[in-house]
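Protein chains: 2
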Amino acid sequence: MYKNAQTDARGQTGIVSSVATIKDVAKAAGVSFKTVSRVVNGEKRVGPEARERVNQAIRELGYKPSLAARQLAGQRSYLIGLVLLGSGISYISRMMIAMGSACRDKGYNLITATLDYHQHMASDIVSINFSARPDCVILTPPFCNDQRILEHFERANIAVVRVAAVTPGYGLTVPVNEEPCALELMRHLIGLGHKRIGMIAPPLPLRASEARLVAYRKAVAEAGLEEDPALVIRGDFSFAAGVSATTSLLALPQRPTAIFASGDEMAAGVLAEAARLGYRVPDDLAVAGFDDSPIARMVFPPITTVHQPVRDIARAAVEAAINPDFKPQPFDYKLIIRGSTDGSRQHCLEPYPF
Amino acid sequence: MYKNAQTDARGQTGIVSSVATIKDVAKAAGVSFKTVSRVVNGEKRVGPEARERVNQAIRELGYKPSLAARQLAGQRSYLIGLVLLGSGISYISRMMIAMGSACRDKGYNLITATLDYHQHMASDIVSINFSARPDCVILTPPFCNDQRILEHFERANIAVVRVAAVTPGYGLTVPVNEEPCALELMRHLIGLGHKRIGMIAPPLPLRASEARLVAYRKAVAEAGLEEDPALVIRGDFSFAAGVSATTSLLALPQRPTAIFASGDEMAAGVLAEAARLGYRVPDDLAVAGFDDSPIARMVFPPITTVHQPVRDIARAAVEAAINPDFKPQPFDYKLIIRGSTDGSRQHCLEPYPF
DNA sequence: TTGTAGGCGTTATCAA
DNA sequence: TTGATAACGCCTACAA
Chain A
4 MYKNAQTDAR
14 GQTGIVSSVA
24 TIKDVAKAAG
34 VSFKTVSRVV
44 NGEKRVGPEA
54 RERVNQAIRE
64 LGYKPSLAAR
74 QLAGQRSYLI
84 GLVLLGSGIS
94 YISRMMIAMG
104 SACRDKGYNL
114 ITATLDYHQH
124 MASDIVSINF
134 SARPDCVILT
144 PPFCNDQRIL
154 EHFERANIAV
164 VRVAAVTPGY
174 GLTVPVNEEP
184 CALELMRHLI
194 GLGHKRIGMI
204 APPLPLRASE
214 ARLVAYRKAV
224 AEAGLEEDPA
234 LVIRGDFSFA
244 AGVSATTSLL
254 ALPQRPTAIF
264 ASGDEMAAGV
274 LAEAARLGYR
284 VPDDLAVAGF
294 DDSPIARMVF
304 PPITTVHQPV
314 RDIARAAVEA
324 AINPDFKPQP
334 FDYKLIIRGS
344 TDGSRQHCLE
354 PYPF
Chain B
4 MYKNAQTDAR
14 GQTGIVSSVA
24 TIKDVAKAAG
34 VSFKTVSRVV
44 NGEKRVGPEA
54 RERVNQAIRE
64 LGYKPSLAAR
74 QLAGQRSYLI
84 GLVLLGSGIS
94 YISRMMIAMG
104 SACRDKGYNL
114 ITATLDYHQH
124 MASDIVSINF
134 SARPDCVILT
144 PPFCNDQRIL
154 EHFERANIAV
164 VRVAAVTPGY
174 GLTVPVNEEP
184 CALELMRHLI
194 GLGHKRIGMI
204 APPLPLRASE
214 ARLVAYRKAV
224 AEAGLEEDPA
234 LVIRGDFSFA
244 AGVSATTSLL
254 ALPQRPTAIF
264 ASGDEMAAGV
274 LAEAARLGYR
284 VPDDLAVAGF
294 DDSPIARMVF
304 PPITTVHQPV
314 RDIARAAVEA
324 AINPDFKPQP
334 FDYKLIIRGS
344 TDGSRQHCLE
354 PYPF
C-alpha cells in the first residue's frame with residue numbers, strides 16, 4: 004500500500020493513506036509513466052532492466068491500476084455482466100461462484116443481475132440495467148434464448164455470450180450437449196430392471212435441457228419399453244413441481260417404479276412426496292435427478308444425478324466473453340450414482356466441489 | 004440509446020452505435036454540461052425549466068452516466084464489495100441476491116468475492132483483492148470477526164461494514180440479535196413435551212450465532228430440564244456435521260427426543276441420519292434448524308426453523324455502507340413451524356421469499 | 001526501446 | 001442559478 008510522501012518518525016513514508024498511481028511508480032522506478040503502463044499491460048517492447056525496476060516499484064508501492072481510469076481511457080471495461088434466474092438457489096450460487104472466479108482469473112470483474120422469470124415475461128421492457136457498462140454480458144438459461152433480451156444488448160452494442168442457448172440470434176453461443184449423459188442415466192435406471200419410468204421434463208421444449216427428455220425417449224425406445232405419454236409430465240424445475248408431478252405419477256393405474264426428474268430440486272420434490280405417501284426409496288421407487296446441485300446430497304437418500312461441469316462451463320463462457328474467437332470444447336457431464344437408485348449407497352459427505 | 008450524429012435515410016440520427024455522454028445531453032437541452040451533472044446528481048440549485056429540459060433530453064437520448072468517469076472524477080466508486088463464505092450454498096446465494104438488489108436500489112454496484120474459510124486461515128496473506136476499488140466492503144460471518152481482514156481493509160483505507168459481528172475492531176457493525184427467536188424455538192420444542200433436547204451448536208463461540216446456543220441453555224434452564232453436556236455438540240454448519248452429530252446423539256444411553264441444529268443444512272443432516280437409522284420425524288425425533296434456508300423446505304418433513312430476515316439485513320448493510328451515520332433497527336427474526344416438529348404440517352410449497 | 005500530447009466522461013472548484 | 005476550467009489515472013496515438 005502506497006502512502007503519501009509524508010515522512011514519519013521512522014523516516015519512512017507516512018501513513019496518510021492514498022493510493023499509488025502510475026506516475027508514482029514511474030517516479031520510483033525512474034522511468035516515464037508510459038513505460039510503467041507497458042509493463043503493466045504485458046507489452047513486449049520494454050528493456051529488461053527497466054521492466055525489473057518497474058516491477059520492483061510496483062511491488063514496493065503496492066500499485067494496482069485503477070479500473071476506472073482504464074475503463075475510461077481504454078476501450079475495455081474489465082467487467083463482465085452475468086444475468087441469471089433469480090430463483091433456484093443452488094444453481095445460481097454455483098454459477099455465480101464459478102463465473103466470479105473465472106472472471107477474477109482473467110483479470111475481469113463480475114457484475115451480476117438476477118431476474119425474475121415471470122416478472123420479466125410480464126413486463127414489456129427489458130429491465131436489466133448494468134450501469135457499470137460491462138464489455139460483455141453472459142446469459143444463462145432461460146434468458147439466453149430470449150429474443151427481447153438479445154436485441155436489448157445488441158442495440159446497446161454490448162457483446163453477449165449465451166450459455167446453453169438453442170435458438171439462433173445475436174451473440175456467441177457456448178453449446179452444451181446433455182443428451183449422452185442423460186442417456187447414460189436412463190440406461191442405468193433401465194439396467195436396474197425398471198420397465199415403467201416416469202419423467203418430469205423441463206418446462207419448455209426450447210431449451211438445452213430438453214435433451215434430457217430426448218434422452219428419456221431414446222432410452223425408452225431402445226429398450227423396447229412401453230411409451231406411455233402419461234408418464235411424462237413437464238415441471239418448472241421447482242421443488243413444488245416435483246411434488247405435484249409425483250402425486251400424479253404415483254396415482255396412475257400402473258404407477259412407474261422409477262422417476263427421472265430433469266432437475267435435482269424437482270427430484271427432491273419426488274423424494275418428499277414419496278416419503279409422505281410411504282414409498283421407500285429406492286426399493287419402492289427409484290429416483291434420479293439432473294445437475295448434481297448441493298440439494299442432491301442433502302436429502303435422504305442422496306439423489307442419483309448427472310453432474311454439470313459448471314466450472315468448465317463458466318470458464319468457457321468467460322473465455323468467450325473476452326476472446327470472441329474462442330472455441331469451447333465439449334463439456335464433460337458425469338453420471339453420479341447415489342442412494343436414490345442404489346440402496347447400498349448412503350450419505351454423500353464429501354465437500355461440495357464448487 | 005443514443006446514436007452518433009449520422010443522418011440516415013429517414014432523416015433521423017443514424018445507427019452507428021455509441022453512447023450518449025453528458026455533453027450530448029447538454030447540447031440537446033441547450034444548457035452547459037455542468038447543469039446536466041447537477042440534475043443527474045439531484046442537486047437543488049437548478050431552475051425548474053432547465054431541469055425539465057435536461058430530464059427530457061436524458062430520456063430521449065437514453066443517457067446513463069458512465070460509472071468509470073464518475074469513479075475517476077468523484078470520490079465515490081459506486082461499488083460495494085461483499086465478502087462471503089465460499090461454501091454453504093443456500094446462505095451465500097440468498098445474501099448475494101439480497102445484497103445485489105439492495106445495492107441496485109441505491110444506485111450502487113455489487114462486486115463479490117467468495118473466500119474459502121480453511122484456505123484463508125491457512126494462508127498468511129489476505130487474498131481478497133477487489134481490483135475495482137469499492138467504496139466499502141461488507142463482511143459477513145465468519146469474516147466479519149477476522150482481525151486480519153479488518154486490518155487489511157483499514158490499511159487499504161476502504162470502509163468496512165460488518166454484518167453480525169461480535170468482536171470489536173475497524174468498521175461499522177450491523178448488529179443482530181438471534182437470541183429471542185432461538186429462545187422461542189426452544190420453548191416450542193419444550194412445549195411439545197421434549198425433555199432431552201440435543202443441540203448442534205455453532206463451530207466457535209466468537210460468532211453472533213453463538214446466541215443460538217445461549218438460548219438453548221437458557222431455555223433448558225428455565226424449563227428445569229437436565230443440563231447434560233453430552234447433548235451439546237458443535238458443528239461447522241455443514242450437512243456432514245449434522246449427520247455425524249446425530250450419529251453421536253442418537254447413540255447416547257438416553258437419546259434426545261428432539262434435536263436443535265443451529266443451521267438448516269445441519270438439520271438436513273439430522274433428518275438424513277435419522278431416516279437412515281429408521282427414526283420417524285417428528286414422532287420418534289423432532290428436528291429444528293435455523294436460517295430458513297431453501298433446503299429447509301426441500302426435505303421431508305420440511306424443517307421447523309427460524310427465518311433470517313436476510314433482505315432487511317442486506318438493506319441495512321448497504322445503507323450503512325453508503326451512509327456511515329446510519330443506525331440499523333433490530334431485525335425481525337421469525338419462528339417457522341413445519342413438519343419436522345409438527346406432524347400435521349406437510350410440504351411447504353410456497354415460492355421462496357428471497 | 002522509450003517518451004510526449006491528447007483525450008476518455010465525469011465531478012469539483014471557482015467565477016459569473 | 002449557471003458555466004468555464006482543471007483535475008482524476010490511464011491508454012492510444014504518434015514522435016523521438
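If you're matching them up, the sequences are chains A and B in order.
Heads up, the first sequence is in the working numbering, so the first residue is 4 and it goes up one at a time.
Heads up, the second sequence is in the working numbering, so the first residue is 4 and it goes up one at a time.
The beta-carbon is built from N, C-alpha and C at its ideal position, and this holds for glycine as well.
Exercise for the section: Could you have a look at Asp294 (chain B) and say whether DSSP puts it in helix, strand or coil? Expected result: strand
Handout entry: Cα-Cα separation, Gly196 (chain B) to Met99 (chain A)
Key = Cα to Cα, the separation comes out at about 44 Å.
Exercise for the section: Give the secondary structure of Ala67 (chain A) by DSSP, where H, G and I count as helix, E and B as strand, and everything else as coil. Expected result: Correcting the residue identity first, residue 67 (chain A) is Lys in this sequence and not Ala. Three-state DSSP puts Lys67 (chain A) in coil, outside helix and strand.
Handout entry: Sequence-distant residues of its chain with Cβ nearer than 7 Å to Val129 (chain A) (five each side left out)
Key = Arg151, Ile152, His155
Exercise for the section: Check His310 (chain A) in the structure and name its three-state DSSP category. Expected result: strand
Handout entry: Three-state secondary structure (DSSP) of Asn160 (chain B)
Key = Here Asn160 (chain B) sits in coil by DSSP.
Exercise for the section: Could you tell me whether any Cβ in chain B is nearer than 8 Å to the Cβ of Gly17 (chain A)? Expected result: Residue placement at Gly17 (chain A) is flagged as unreliable, the pLDDT there being 34, under the threshold of 50; the coordinate-derived value follows with that caveat. So, not an interface residue.
Handout entry: Under 8 Å from the C-beta of Ile114 (chain A): neighbouring residues of chain B
Key = The contacting residues are Asn112, Leu113, Ile114.
Handout entry: Ile18 (chain A) burial status per 10 Å Cβ neighbour count (16 or more: buried)
Key = In this predicted model, Ile18 (chain A) has a pLDDT of only 35, less than 50, meaning its place in the structure is not dependable; the value taken from the coordinates is given anyway. Ile18 (chain A) should be labelled exposed.
Handout entry: Partners in chain B for Leu352 (chain A), counting only beta-carbon separations shorter than 7 Å
Key = Ala243, Val246
Exercise for the section: Look at Arg237 (chain A) and Pro205 (chain A) and say whether their C-beta atoms are less than 8 Å apart. Expected result: yes
Handout entry: Nearest-angstrom Cβ-Cβ length linking Ala324 (chain B) and Ile114 (chain B), presumed shorter than 8 Å
Key = At roughly 12 Å, the Cβ-Cβ gap does not stay under 8 Å, so Ala324 (chain B) and Ile114 (chain B) are not in contact.
Practice task
Inspect the CB distances between the stretch 285-304 of chain B and the stretch 285-301 of chain A and report whether three or more fall short of 8 Å.
Solution key: Pairwise C-beta distances place the stretch 285-304 of chain B in contact with the stretch 285-301 of chain A, as three or more of them are shorter than 8 Å.
Problem - Whole-angstrom C-beta distance between Val49 (chain B) and Arg56 (chain B), which should lie under 8 Å - result: Not quite, the Cβ-Cβ distance comes to about 10 Å (not below 8 Å), so this is no contact.
Handout entry: C-alpha gap between Gly194 (chain A) and Ala278 (chain B), whole angstroms
Key = 27 Å
Problem - For Val140 (chain A), the first and last residue of its enclosing beta strand (DSSP E) - result: Going by DSSP, Val140 (chain A) is part of the beta strand (DSSP E) stretching over 139-142.
Handout entry: 7 Å Cβ shell around His350 (chain A) - same chain, five flanking residues per side excluded
Key = Cβ neighbours of His350 (chain A) within its own chain (closer than 7 Å, five residues either side excluded): Pro305.
Practice task
Using a Cβ-Cβ cut-off of 8 Å, state whether Tyr120 (chain A) counts as contacting chain B.
Solution key: no
Handout entry: C-alpha distance - Asn160 (chain A) paired with Pro137 (chain A), whole-angstrom precision
Key = 11 Å
Practice task
Could you tell me whether the Cβ of Leu153 (chain B) comes closer than 8 Å to any Cβ of chain A?
Solution key: no
Practice task
Determine which residues of the stretch 53-72 of chain B have a Cβ less than 8 Å from any Cβ of chain A, and write them out in chain order.
Solution key: Lys67, Pro68, Ser69, Leu70, Ala71, Ala72
Exercise for the section: Measure from the alpha carbon of Thr307 (chain B) to the alpha carbon of each residue in B:Gln74, B:Ala185, B:Tyr111, B:Thr250, then state which is nearest. Expected result: B:Ala185
Practice task
Please decide whether Arg341 (chain A) counts as near chain B, where near means a Cβ-Cβ distance under 8 Å.
Solution key: no
Exercise for the section: Indicate whether at least one CB of chain A lies closer than 8 Å to the CB of Gly88 (chain B). Expected result: Residue identity check: residue 88 (chain B) is Leu in the sequence provided, not Gly. Taking Cβ atoms only, chain A never reaches closer than 8 Å to Leu88 (chain B), which makes this a no.
Practice task
Identify the contact partners of Ser93 (chain B) in chain A, using a Cβ-Cβ distance below 8 Å as the criterion.
Solution key: Ordered by position in chain A, the residues that pass the 8 Å Cβ test against Ser93 (chain B) are Ile92, Ser93, Ser96, Pro297.
Handout entry: Endpoints, alpha helix (DSSP H) assigned at Leu88 (chain A)
Key = Careful: Leu88 (chain A) lies outside any alpha helix (DSSP H), inside the beta strand (DSSP E) at 82-88.
Exercise for the section: Determine, using beta carbons only, whether Ala135 (chain B) comes closer than 8 Å to chain A. Expected result: yes
Practice task
Report yes or no: is there a C-beta of chain B within less than 8 Å of the C-beta of Val302 (chain A)?
Solution key: yes
Practice task
Find the residues of chain A that neighbour Leu274 (chain B), judging by a C-beta separation of less than 7 Å, and give them in chain order.
Solution key: Phe303
Handout entry: Inter-residue Cα distance where the pair is Tyr219 (chain A) and Thr344 (chain A)
Key = 16 Å
Exercise for the section: Name the two residues that bound the continuous beta strand (DSSP E) containing Thr115 (chain A). Expected result: Per DSSP, Thr115 (chain A) belongs to the beta strand (DSSP E) from 112-118.
Exercise for the section: Could you check the C-alpha separation between Val177 (chain A) and Arg314 (chain A) for me, to the nearest Å? Expected result: 13 Å
Problem - Collapsed DSSP secondary structure at Gly201 (chain B) in the structure displayed - result: strand
Problem - Cβ-Cβ distance between Gly272 (chain A) and Ala244 (chain A) below 8 Å - result: yes
Practice task
Quick one: grab the DSSP three-state call for Ala289 (chain B).
Solution key: strand
Exercise for the section: Can you give me, in chain order, the residues of the stretch 251-279 of chain A that have a beta carbon less than 7 Å from any beta carbon in chain B? Expected result: Against chain B - using a Cβ distance shorter than 7 Å - the residues of the stretch 251-279 of chain A are Glu268, Ala271, Leu274, Ala275, Ala278, Arg279.
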